[in-house]
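Student: Counting in our numbering, the sequence shown runs without a single skipped number right up to 205 at its last residue.
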Amino acid sequence: MKLLVVEDHPIVISGCRALFSEDDGVEMVEARTAAAARAAVQSENPDVTVIDINLPDASGLELTREFTAADPNMRIVVFSMSDTPMLAIQAIECGAKSYVSKNGDPFDLRDAVLAVARGESWISDELIQEMALLRAKARGTTALMSDREHLVLRMLARGRSMAEIANEISVSYKTVAADCAMLRTKLGARTSSEMVRIAVELKLV
């Protein structure tokens, strides 16, 4: 198996080499940037590609989307310092077969790569549960919103002020303020900015 690791930190690359050092069937190549990764995919034709989510010249998620758009069968593991379920969901939606947190067990990456090489998907049990809860919360919150509340939330996410929203949808400022107060309650947010952040994370806007 040829494994391409797209990662710009030398220590992480060394760790990956050590992790697969006892696997005789694994040949690891590396790329430090998205540009180098594009060239390596063309020249090396890797069986599995591990992509760091934060690269110096591109987003690892966008690179994943780019690769899988060109080849839907490409087997990609997204590797990140974050263990937030929102990023894992985004990685899978971009076409990755696996999402692995650098904060987890070092052998998680090895398990993920070998599973993806077999044509399987791999995500830790804990993260799967968190992703399911996040999706359930998003569905439940959307169902509880009125059409106007959803409209107000979308406009807030686009940077509109409450006064601008009131003017655009032809209601009073007090009505928009009341909608925002109700939205904060439904989303469990303390401030409007936190409310918008939560809405974006839950893909409600």
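We put the beta carbon where it would ideally sit given N, CA and C, even for glycine.
Could you tell me the distance, in whole angstroms, from the CA atom of N73 to the CA atom of V113?
Tutor: So the alpha carbons of these two residues sit roughly 15 Å apart.
Student: Mind checking whether L4 and R110 have CB atoms under 8 Å apart?
Tutor: Not closer than 8 Å, so no.
Student: State buried or exposed for E30, treating a residue as buried only when at least 16 other CB atoms are found within 10 Å of its CB.
Tutor: Flag for E30 reads buried.
Student: With a threshold of 6 Å on Cβ separation, who are the neighbours of A189 within its own chain once the five nearest residues in sequence on each side are excluded?
Tutor: For A189, where only same-chain residues beyond five positions count, the Cβ hits under 6 Å are M195, I198.
Student: Distance check for L153 and V200, CA to CA, integer angstroms please.
Tutor: If I take the Cα positions, the gap works out to 10 Å.
Student: Would you mind working out which of R148, L151, V48 sits nearest D71, comparing C-alpha positions?
Tutor: It is V48.
Student: Helix, strand or coil, according to DSSP, for E7 in the structure here?
Tutor: Looking at E7 - three-state DSSP - the assignment turns out to be coil, as it is neither helix nor strand.
Student: How should F107 be labelled, buried or exposed, when 16 other C-beta atoms within 10 angstroms of its C-beta is the threshold for buried?
Tutor: When all chains shown are included, F107 counts as exposed.
Student: Pull up the DSSP beta-bridge partners for E27, would you.
Tutor: Answer is K2.
Student: Please name the residue or residues paired with I51 in a DSSP beta bridge.
Tutor: Beta-bridge pairing links I51 to V6, V78.
Student: Between C94 and T68, what straight-line distance do the alpha-carbon atoms span, to the nearest angstrom?
Tutor: Approximately 8 Å, taken between the alpha carbons.
Student: Under three-state DSSP, which class holds V100?
Tutor: In the structure shown, V100 sits in a strand (DSSP, three-state: E or B).
Student: Can you tell me which of the three DSSP states A115 falls into?
Tutor: If DSSP states are grouped into helix, strand and coil, A115 belongs with the helices.
Student: Please report the distance separating the alpha-carbon of K97 from that of T185.
Tutor: One C-alpha to the other measures close to 36 Å.
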